[in-house]
Amino acid sequence: MGGLMEKMKEDPFANYLGITIEDVEEGYAKVSMEVKEHLLNFHGSTNGGAIFSLADVAFACASNSHNQAAVGIAMTMYYMQASEIGDRLVAIAREETKPNRLGVYRIEVLNDKGELIALAEGMVYRKKDKLVP
1 MGGLMEKMKE DPFANYLGIT IEDVEEGYAK VSMEVKEHLL NFHGSTNGGA
51 IFSLADVAFA CASNSHNQAA VGIAMTMYYM QASEIGDRLV AIAREETKPN
101 RLGVYRIEVL NDKGELIALA EGMVYRKKDK LVP
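Quick note: the sequence shown, position 44, residue 44 per UniProt numbering, numbers continuous.
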């Protein structure tokens, strides 16, 4: 998984947001992000788009972990509670199903206390292309 993991760690958007890819295995990914001031909304809590992006990176890593290009076709996010500046958020994506062309994933976003911040479900379409030769 070395070359694949390196490719994932080069993701420009994830790097821009300060997202760290911690672990990727087949059908699984764990990523994290520290909530900083530029990720807050006008309520003083973490912007929903930042939380969604964290979950999306975990989703992308888990769904592409088979070294087969997978592209998102749907994602639903449920926000359970707010997080704040200084919180370390962790998103864990797990593969629920892997039929031939479609894959369904469940993504949990937790704070450093282990509390559920958000829950997401995503679906990908698997292309024939390999990510890393």
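Each residue gets a CB set at the ideal place from its N, CA and C atoms; glycine is no exception.
- According to the DSSP secondary-structure assignment, Ile51 is paired through a beta bridge with no residue.
- Excluding its 5 nearest sequence neighbours in each direction, Ala29 has C-beta neighbours in its own chain below 6 Å: Ala58, Cys61, Ala62 and Ala93, listed in chain order.
- Contact between Ala120 and Met75 holds, with the beta-carbon distance rounding to 6 Å and staying under 8 Å.
- Nearest to Ala69 by alpha-carbon distance, out of Leu102, Met77 and Ser83, is Leu102.
- Per DSSP, the unbroken alpha helix (DSSP H) holding Gly2 starts and ends at Gly2 to Lys9.
- Residues Glu96, Thr97 and Met123 of the same chain have their beta carbon placed closer than 6 Å to that of Val104, with the five preceding and five following residues left out of the count.
- Take the alpha-carbon of Thr20 and the one of Asp11: they are about 10 Å apart.
- Gly72 and Tyr125 have their alpha carbons spaced roughly 6 Å apart.
- In the three-state scheme derived from DSSP, where H, G and I count as helix and E and B as strand, Leu119 is classed as strand.
- With a cutoff of 8 Å on beta-carbon distance, Val109 and Ala82 are scored as not near each other.
- Shown here, Val57 sits in a helix according to DSSP, grouped into three states.
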